[in-house]
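**Q**
Chains as they are written, first to last, in my numbering: chain A, 4 to 113; chain B, 819 to 932.
(1) Flag residue 35 of chain A as yes if its beta-carbon sits less than 7 angstroms from any beta-carbon of chain B, otherwise no.
(2) Please name the residues in the segment 16-33 of chain A whose beta-carbon is closer than 8 angstroms to at least one beta-carbon of chain E, in chain order.
(3) Using a Cβ distance threshold of 8 angstroms, determine whether the segment 834-844 of chain B contacts the segment 53-69 of chain A, with at least three qualifying pairs required.
(4) Give the DSSP-derived three-state secondary structure of residue 903 of chain B in the structure shown.
(5) Would you kindly report the start and end of the unbroken beta strand (DSSP E) that includes residue 864 of chain B?
(6) Under a Cβ-count criterion, where at least 16 other Cβ atoms within 10 Å of its own Cβ denotes burial, should residue 857 of chain B be classed as buried or exposed?
(7) Unbroken beta strand (DSSP E) runs of length 3 or more, entirely within the segment 10-68 of chain A: which are they?
(8) Taking Cβ positions, are residue 905 of chain B and residue 923 of chain B nearer each other than 7 angstroms?
(9) Give the DSSP-derived three-state secondary structure of residue 826 of chain B in the structure shown.
(10) Can you tell me where the beta strand (DSSP E) with residue 887 of chain B in it begins and where it stops?
(11) How long is the line joining the alpha carbons of residue 861 of chain B and residue 48 of chain A, rounded to whole angstroms?
(12) Which residues in the same chain as residue 16 of chain A place their Cβ atom closer than 6 angstroms to its Cβ, once the five residues preceding and following it in sequence are excluded?
(13) Which whole-angstrom value is the C-beta distance of residue 109 of chain A and residue 88 of chain A, which I expect to be below 8 angstroms?
(14) Note down, in chain order, each residue of its chain lying with its Cβ closer than 8 angstroms to the Cβ of residue 878 of chain B, except the 5 sequence neighbours on either side.
(15) With DSSP collapsed to three states, give me the class of residue 86 of chain A.
(16) Going by beta-carbon coordinates alone, are residue 97 of chain A and residue 33 of chain A separated by less than 7 angstroms?
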């Protein structure tokens, strides 16, 4: 089945800095890659996604890039704010389900 | 309605109890999922229903029994659970019976087995 690796496991930045989280996947047939943000005690919420026919997608301060050849995709958050602090999960679609990475805890200090 | 509703939000049960978790969505999604999430870990897939039929069972112990009475409802029946089953149980749904439209997650049921 699909295997998703996510790095780093923890990321600490100062408010206003950029943050980058990277994921790799194993199944070359996967074609959908969402990112979820999960605040403490809450449900995962979809923040951005990308499909394999697109190399980059941007939504305000958040962007995702995809390199299908290398089988990796990344989340970029610019001008980070304290409310961006959460656990971020990447995922890849395979066999009609999503496989999640292990998560990155992002801490944004004021 | 763009939400997945899960009840109850919290549940404490003894190891000999029988209880059920409920999930409901009215978005017309044809795939529904149960995930288990331990603290600081990613969600782990348990079951997938596609068009009301069980399509994936990730080798989950029989003390967890899923049921899909109709296209809007998904239940998870619990019996003789162990303390290590304590976790956040998340229900999700997606369009067209496939994952490549993204999931909408419910807020979860936080289960404690004593």
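Built from N, CA and C at the ideal position, the CB exists for glycine as well.
**A** Looking at the coordinates:
(1) By this cut-off, residue 35 of chain A is an interface position.
(2) Here chain E cannot be found, since the structure's protein chains are A and B.
(3) No, the segment 834-844 of chain B is not in contact with the segment 53-69 of chain A.
(4) Three-state DSSP puts residue 903 of chain B in a helix.
(5) In the DSSP assignment, residue 864 of chain B falls within the beta strand (DSSP E) that extends over 862-868.
(6) Flag for residue 857 of chain B reads exposed.
(7) Assignment of beta strand (DSSP E) within the segment 10-68 of chain A, counting only whole runs of 3 or more residues, yields 13-17, 22-28, 35-41, 48-54, 59-62 in chain order.
(8) In this structure, residue 905 of chain B keeps its C-beta atom at 7 angstroms or more from the C-beta atom of residue 923 of chain B.
(9) It is coil, neither helix nor strand.
(10) From DSSP, the beta strand (DSSP E) with residue 887 of chain B extends over 882-888.
(11) Roughly 12 angstroms separates the two Cα atoms.
(12) Excluding residues within five positions, the ones whose Cβ falls inside 6 angstroms are 22, 83, 111.
(13) For residue 109 of chain A against residue 88 of chain A, the beta-carbon gap comes to about 6 angstroms, under 8 angstroms, which counts as contact.
(14) Correct list, in chain order: 864, 865.
(15) Three-state result, residue 86 of chain A: helix.
(16) The Cβ-Cβ distance between residue 97 of chain A and residue 33 of chain A falls below 7 angstroms.
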